Amino acid sequence: MSSAPGTAAPGGGGRPRDRQIDRAVLDAASELLDSGGFAQLTLEKVARRAGTTRPAIYRRWAGRAPLALAAVAARLSVPEAPDTGCTLCDLGESLGVFLGAYRATRPDVLAALYAECAPDPALRKRYLAVVVEPSRRAVAATLAHAASRGDLREDVDQDQVVDLFASLVQYRALFGDTHLSDEEAENVIELVLRGLAVDYDALLARSAALELEHRGGPGAPHVHLPD
Numbered sequence: 001m002s003s004a005p006g007t008a009a010p011g012g013g014g015r016p017r018d019r020q021i022d023r024a025v026l027d028a029a030s031e032l033l034d035s036g037g038f039a040q041l042t043l044e045k046v047a048r049r050a051g052t053t054r055p056a057i058y059r060r061w062a063g064r065a066p067l068a069l070a071a072v073a074a075r076l077s078v079p080e081a082p083d084t085g086c087t088l089c090d091l092g093e094s095l096g097v098f099l100g101a102y103r104a105t106r107p108d109v110l111a112a113l114y115a116e117c118a119p120d121p122a123l124r125k126r127y128l129a130v131v132v133e134p135s136r137r138a139v140a141a142t143l144a145h146a147a148s149r150g151d152l153r154e155d156v157d158q159d160q161v162v163d164l165f166a167s168l169v170q171y172r173a174l175f176g177d178t179h180l181s182d183e184e185a186e187n188v189i190e191l192v193l194r195g196l197a198v199d200y201d202a203l204l205a206r207s208a209a210l211e212l213e214h215r216g217g218p219g220a221p222h223v224h225l226p227d
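Per full-length UniProt numbering, the sequence shown starts with residue 1, numbered consecutively.
See the structure below:
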């Protein structure tokens with residue numbers, strides 16, 4: 001069986017990049033991040049585990065921070081904002097995307113990686129693009145859908161609400177001992193919507209009805225956060 005075709009290295013010229021090496025290096029970096037955190041990630045360890053060389057890694061990534069970002073990006077999916085017509089349900093799903101983006105990586109990895117990326121504008125921009133912005137866009141789209149249905153008060157600043165949710169999730173992920181739990185996330189969603197909704201009781205009733213229909217019986221929780 002032939003190997004997958006390579007991809008041309010940036011800048012043109014030279015031999016095509018070997019996708020098998022790319023995959024082996026990213027897998028090795030992910031395993032090292034999971035086992036020892038960012039502080040223990042070195043290109044020597046990655047090369048040894050991936051069965052390649054440091055020069056081969058440097059041809060692909062300029063250092064351990066870009067490599068770590070690529071490894072984190074490889075395990076994160078690009079979220080799509082749900083739009084079921086249920087603001088409580090959709091916001092729960094969107095916040096679950098936020099939580100999932102951080103739960104996919106050890107808390108000490110993200111904090112240390114951001115500290116390494118922050119002084120470099122290009123790396124900082126890449127970190128935000130990989131770790132932060134996709135989830136923020138999902139929450140922002142969910143709020144926009146809710147506003148278009150008339151579920152939110154007209155004076156609500158949606159950007160500030162996104163910042164509110166993001167700040168809580170990111171603070172716990174970067175500086176706390178544990179990630180935000182599902183129960184805590186549900187409590188935050190309900191607390192915030194009590195202040196933002198035109199008719200919170202109507203949102204609650206809609207959520208309960210949809211959950212009842214989905215589960216086929218009574219006793220369903222208001223907000224569903226994905227596992």
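Using N, Cα and C, we set each Cβ at its ideal position, and we do this for glycine too. Please read all numbers here as calculations on a predicted model, not as lab measurements.
Span of the alpha helix (DSSP H) holding residue 60?
Unbroken run through residue 60: none, as it is neither H nor E.
Roughly how many whole angstroms lie between the Cα atoms of residue 70 and residue 64?
Put simply, the backbone Cα of residue 70 is about 10 angstroms away from that of residue 64.
Could you tell me whether the segment 114-132 touches the segment 177-187, where touching means 3 or more Cβ pairs closer than 8 angstroms?
With a cut-off of 8 angstroms, the segment 177-187 and the segment 114-132 do not count as touching, because too few Cβ pairs lie within range.
Nearest CA to the CA of residue 61: which residue from 26, 151, 139?
Out of 26, 151, 139, 26 has the C-alpha closest to the C-alpha of residue 61.
Residue 220 versus residue 24 - alpha carbon distance
At residue 220 the pLDDT is 46, less than 50, meaning the model places this residue with poor confidence; the figure from the coordinates comes in the next sentence. Each residue's Cα considered, the two are about 43 angstroms apart.
Can you tell me whether DSSP reads residue 152 as helix, strand or coil?
If DSSP states are grouped into helix, strand and coil, residue 152 belongs with the strands.
So is residue 206 buried or exposed if we call it buried at 16+ other beta carbons inside 10 Å?
Under this definition residue 206 is a buried residue.
With DSSP collapsed to three states, give me the class of residue 118.
In the three-state reduction of the DSSP assignment, residue 118 falls in the coil class.
Three CB pairs or more closer than 8 angstroms across the segment 98-116 and the segment 27-47
Touching, yes, given that three or more Cβ pairs across the two stretches are closer than 8 angstroms.
Is DSSP giving residue 81 helix, strand or coil here?
Three-state DSSP puts residue 81 in coil, outside helix and strand.
Thinking C-alpha only, which one of 165, 173, 171, 198 is nearest residue 187?
Cα-wise, what sits closest to residue 187 is 165.
At a cut of 8 angstroms, does the segment 44-51 reach the segment 86-103 through at least three beta carbon pairs?
Under the 8 angstroms Cβ criterion, the segment 44-51 does not count as touching the segment 86-103, having fewer than three qualifying pairs.
Helix, strand or coil for residue 24? Go by DSSP, reduced to three states.
Three-state DSSP puts residue 24 in a helix.
To the nearest angstrom, report how far apart residue 133 and residue 125 are at their CA atoms.
Cα-Cα distance, rounded: 10 angstroms.
With H, G and I counted as helix, E and B as strand and the rest as coil, what does DSSP make of residue 197?
Secondary structure at residue 197: strand, using DSSP grouped into helix, strand and coil.
For the alpha helix (DSSP H) that residue 90 lies in, which residues bound it at each end?
Taken as a continuous stretch (DSSP letters only), the alpha helix (DSSP H) holding residue 90 covers 87-103.
Limits of the alpha helix (DSSP H) - the one that residue 174 falls within:
Note, residue 174: alpha helix (DSSP H), 158-175.
Classify residue 152: buried if its beta carbon has 16 or more other beta carbons within 10 angstroms, exposed otherwise.
Its Cβ being crowded by 16 or more others within 10 Å, residue 152 is buried.
Judging by CA-CA distance, which residue of 55, 72, 48, 50 is the nearest neighbour of residue 37?
Measuring from the Cα of residue 37, the nearest candidate turns out to be 72.
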